[in-house]
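In the numbering used here, the protein residues as written are 1422 to 1724.
No residue lacks a Cβ here, since even glycine has one placed at the ideal position from N, Cα and C.
What follows is a single structure, written as structure tokens, with notes after it.
Printed below as a string of structure tokens:
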């Protein structure tokens, strides 16, 4: 039985479901998932392995207009991935084009056509996501329009894990025949502290208002696992960085209620990831206009 292994970039517009698909395939939450777009900021590799296949999946930031240095970094990460991987999986949220088809409008809007131009010459599979939320009669015109890319189209629901076997079978056809790149038990190449930062930022996204999440970064200042084996506990100190004092006030909340809620939720998620007890201390600090500061962006790994 032949074995295929290689790298696959998960690309698409913000909120297409890339992180949800990655977490569903590897069986663990290794990257932030939110209903809000632009949750992912850096490339994070998840590793999906079966008896016939190992796909090293790069969850990239969504392709979007870059108005700030941080946005430019995010788009650059996605575009670099296109040039470096063995295959590309373009995730398309089925809902917007299906609504357009139902309204008699152009099925693919300019943003989707722009992505199509970027991927059509690459080894490509199109994952039409969230099909469980769409009236099936409007999927046919969407599939026909996406067919212009000349690539296989696989309807899936990443959230319900439907259609994923068919999708990975298409990846197998595109990846080179070679031994596995990682041991089969590995699900990511990210450091645990990186994933912990992602899980904290995910809880910020889910609990705060529209202004705050996009001005927020998380930096793990201390990841102390000296008592992990003896006491089954890891102690983590993390900074949540915002741009304005008003954002800090929102994150802390009245009487510290918001930061306590974020900390409790993040601590449970991290404990599940690390399979041990977690002491999590969160501190909110203001770095004025950090999203446009080359110094701060470089320090956070966003440059």
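Collapsed DSSP secondary structure at residue 1713 in the structure displayed: helix
Beta-carbon proximity list for residue 1521, same chain, < 6 Å, skipping 5 on both sides: 1528
Cutoff 6 Å; reference residue 1474; Cβ partners in own chain excluding five residues on either side: 1425, 1593
Same chain, Cβ closer than 7 Å to residue 1572, five either side skipped, listed in chain order: 1545, 1546, 1547
Residues near residue 1455 by beta carbon distance below 7 Å, same chain, minus five either side: Because the pLDDT of residue 1455 is 42, which lies under 50, any placement of that residue in the model is unreliable, and the question is left without a value.
contact_flag[the region 1614 to 1622, the region 1681 to 1700] where n(CB pairs < 8 Å) is 3 or more: yes
Cβ separation of residue 1550 and residue 1574, assumed to be a contact under 8 Å, to the nearest whole Å: Residue 1550 to residue 1574, Cβ: 11 Å. No contact.
Beta-carbon proximity check, residue 1654 vs residue 1708, cutoff 8 Å: no
Among 1699, 1683, 1643, the one whose alpha carbon lies nearest that of residue 1650: 1699
Cα-Cα separation between residue 1459 and residue 1599, rounded to whole angstroms: With a pLDDT of only 41 at residue 1459, under the threshold of 50, the placement of this residue in the model should not be trusted; the figure read from the coordinates follows. Straight-line Cα distance between these residues: approximately 34 Å.
Burial state of residue 1507, where buried means 16 or more other Cβ atoms lie within 10 Å: buried
Exposure of residue 1710, with buried meaning 16 or more beta-carbon neighbours within 10 Å: exposed
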